[in-house]
DNA sequence: TGAAAAACGACCCATTTGAGGGATTCCTGG
DNA sequence: CCAGGAATCCCTCAAATGGGTCGTTTTTCA
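Residue numbers (this note's numbering), protein chains in the order written: chain A, 4 to 212; chain B, 4 to 212.
Here it is in structure tokens:
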């Protein structure tokens, strides 16, 4: 098989053992080639520029910048870049952002070897792929409107244990406004109090601790 | 090299790709042998009984039961079992429990391939191993007394968004007692309110969402 | 066996929170 | 141009929270 027909793959993950696992899977296939590996986001961008792979496997959480930001950086420079997000389950918010940001696939790391290879081929051929488990989790929250940017900021600050008056100071708004935001947050997330709101926010990947 | 001198290894992880990575690392070494793999805790116990490996690599979080419980089950049956906990960073509480439960090693999945092999050999030779990053995180919380069993239950229920009166009903105690427990929780964790207590509890691996 | 810790309960009291009800801008998409 | 959402602010008020201090009983463990 000549170089033309091989799928050139870049693998980005901060766990060497995981990279080895992915690498082993790919090396066994004669129609694909692992052209580079990266352990971090910046490294990934550099590697992409250098090798311009057909498909990029990108871990969502990396030591330096998030996988989504790395993908965003790559895709603004190379609009045709095809990226598959690979992650141990996070919330629906992360998936949503990844897919909105232009990911062609969103896979869970718990997937069987075969499926990874199938999806690489599928994405390389120009199709998108979202596995049913992931699609289900996304579907669970359609219709429920997302938190606004400001509301996320407030929720993030709540998670720091700040009281309303402190949040007001930190965000340069009045305490009454903070209470207004919190009211909306509780409504939108279906939480009974600020603590549950934080728990739900973390589970859904809206905020991080 | 004959069978006597080979280190027989069992690998337990729910991610096939990670198992592949670990498997590849071990297969390249002539002084060790991967005798079995398992994707879950029960499967791991079954595999251990069957193969009685010298060293077991165990992921902390598994689909069915926790890696610690699986290790506990194995170690009550086979007291000489040597288990290395392998995990993407969790809190100090998890490490503490793992080590108290008899783990001979506690490694982060972000470790380089070589280190894994070194630690397998070290543990097989009867020594324990805790990497410096892990030891540091443990050291950060020595002296700070741990939450009591009841306090953890209360904290876990707080994370569900329950109010004190609801917690009282759920745990069959008076609301005053709940407040007493919460008071101690806030002190011990150094939290300013229940929300921050939950955030800290999750970060430190004391509770899960 | 004796001290320490955990678990339980009660009282008071100031502060915080959340649930109502409003109102005003600004900006964006039909 | 107008509807609607986001963001800002204000008022009231009951309920929840967190801090303090004081007890009892049981369990743990050194």
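Note that CB positions come from ideal geometry on N, CA and C, so glycine has one too.
Assigned secondary structure, residue i (DSSP; H/G/I helix, E/B strand, else coil)
{"i": "residue 160 of chain A", "result": "helix"}
{"i": "residue 89 of chain B", "result": "strand"}
{"i": "residue 188 of chain B", "result": "helix"}
{"i": "residue 132 of chain A", "result": "strand"}
{"i": "residue 80 of chain B", "result": "helix"}
{"i": "residue 148 of chain B", "result": "coil"}
{"i": "residue 143 of chain A", "result": "coil"}
{"i": "residue 5 of chain A", "result": "Its pLDDT being 46, under 50, residue 5 of chain A is placed unreliably by the model, and nothing is read from it."}
{"i": "residue 32 of chain B", "result": "coil"}
{"i": "residue 64 of chain A", "result": "coil"}
{"i": "residue 210 of chain B", "result": "coil"}
{"i": "residue 174 of chain A", "result": "helix"}
{"i": "residue 202 of chain B", "result": "helix"}
{"i": "residue 11 of chain A", "result": "strand"}
{"i": "residue 102 of chain B", "result": "helix"}
{"i": "residue 37 of chain A", "result": "strand"}
{"i": "residue 108 of chain B", "result": "strand"}
{"i": "residue 17 of chain A", "result": "coil"}
Option in the options with minimal Cα separation from residue i
{"i": "residue 134 of chain B", "options": "B/168, B/172 and B/92", "result": "B/92"}
{"i": "residue 181 of chain B", "options": "B/105, B/58, B/194 and B/158", "result": "B/158"}
{"i": "residue 103 of chain A", "options": "A/111, A/74 and A/80", "result": "A/74"}
{"i": "residue 33 of chain B", "options": "B/120, B/43, B/13 and B/125", "result": "B/120"}
{"i": "residue 51 of chain A", "options": "A/193, A/78, A/143 and A/68", "result": "A/78"}
{"i": "residue 58 of chain A", "options": "A/46, A/31, A/109 and A/126", "result": "A/126"}
{"i": "residue 116 of chain B", "options": "B/29, B/174, B/152 and B/85", "result": "B/29"}
{"i": "residue 10 of chain B", "options": "B/124, B/87, B/118 and B/83", "result": "B/124"}
{"i": "residue 114 of chain A", "options": "B/113, B/42, B/8 and B/46", "result": "B/42"}
{"i": "residue 129 of chain B", "options": "B/143, B/86, B/139 and B/142", "result": "B/86"}
Rounded distance between the beta-carbons of residue j and residue i, thought under 8 Å
{"i": "residue 56 of chain A", "j": "residue 17 of chain A", "result": "Not confirmed; about 18 Å, so no contact."}
{"i": "residue 48 of chain A", "j": "residue 198 of chain B", "result": "Between residue 198 of chain B and residue 48 of chain A the Cβ distance is about 37 Å, and since that is not below 8 Å, they are no contact."}
{"i": "residue 206 of chain A", "j": "residue 212 of chain B", "result": "5 Å"}
{"i": "residue 122 of chain B", "j": "residue 110 of chain B", "result": "6 Å"}
{"i": "residue 150 of chain B", "j": "residue 186 of chain B", "result": "Not really, about 12 Å apart at Cβ, beyond 8 Å."}
{"i": "residue 61 of chain A", "j": "residue 15 of chain A", "result": "5 Å"}
{"i": "residue 105 of chain A", "j": "residue 68 of chain A", "result": "Actually they are not in contact, since the Cβ atoms of residue 105 of chain A and residue 68 of chain A sit about 16 Å apart, beyond 8 Å."}
{"i": "residue 70 of chain B", "j": "residue 24 of chain A", "result": "Residue 70 of chain B to residue 24 of chain A, Cβ: 19 Å. No contact."}
{"i": "residue 63 of chain B", "j": "residue 97 of chain B", "result": "6 Å"}
{"i": "residue 196 of chain B", "j": "residue 166 of chain A", "result": "7 Å"}
Distance CB(residue i)-CB(residue j) smaller than 8 Å
{"i": "residue 21 of chain A", "j": "residue 89 of chain B", "result": "no"}
{"i": "residue 36 of chain B", "j": "residue 26 of chain B", "result": "no"}
{"i": "residue 209 of chain B", "j": "residue 137 of chain B", "result": "no"}
{"i": "residue 94 of chain B", "j": "residue 132 of chain B", "result": "no"}
{"i": "residue 188 of chain A", "j": "residue 200 of chain A", "result": "yes"}
{"i": "residue 194 of chain B", "j": "residue 204 of chain A", "result": "no"}
{"i": "residue 168 of chain A", "j": "residue 178 of chain A", "result": "yes"}
Distance cut-off 7 Å: residue i Cβ against heavy atoms of the ligand GDP
{"i": "residue 41 of chain A", "result": "Within the structure as shown, the ligand GDP is missing, as the structure has no ligands at all."}
Please list the residues of the segment 18-32 of chain A that have a C-beta atom closer than 9 Å to any C-beta atom in chain B, keeping them in chain order.
-> Against chain B - using a Cβ distance shorter than 9 Å - the residues of the segment 18-32 of chain A are 18, 19, 20, 21, 22, 23, 24, 25, 26, 27 and 28.
Mind checking the segment 95-119 of chain A against chain B and listing, in chain order, the residues whose C-beta falls within less than 8 Å of any C-beta there?
-> Residues of the segment 95-119 of chain A with a C-beta less than 8 Å from any C-beta of chain B: 112, 113, 114, 115, 116 and 119, listed in chain order.
Residues of the segment 182-197 of chain B with a CB closer than 9 Å to any CB of chain A: list them in chain order, please.
-> So the close ones are 194, 195, 196 and 197.
Using Cβ-Cβ distances below 8 Å, what residues of the segment 37-50 of chain A are close to chain B?
-> In summary, no residue of the segment 37-50 of chain A has a CB separated from any CB of chain B by less than 8 Å.
Below 9 Å between beta carbons is the criterion; list the residues of the segment 151-168 of chain B that meet it against any residue of chain A, in chain order.
-> Those residues of the segment 151-168 of chain B that come within reach of chain A (Cβ to Cβ, closer than 9 Å) are 161, 162, 163, 164, 165 and 166.
Where the segment 61-89 of chain B meets chain A: residues whose CB sits under 7 Å from a CB there = For the segment 61-89 of chain B, which is checked against every Cβ of chain A, not one residue is closer than 7 Å.
Output, in sequence order along the chain, the residues in the segment 128-143 of chain A whose CB is closer than 7 Å to any CB in chain B.
-> Cβ proximity to chain B below 7 Å picks out nothing from the segment 128-143 of chain A.
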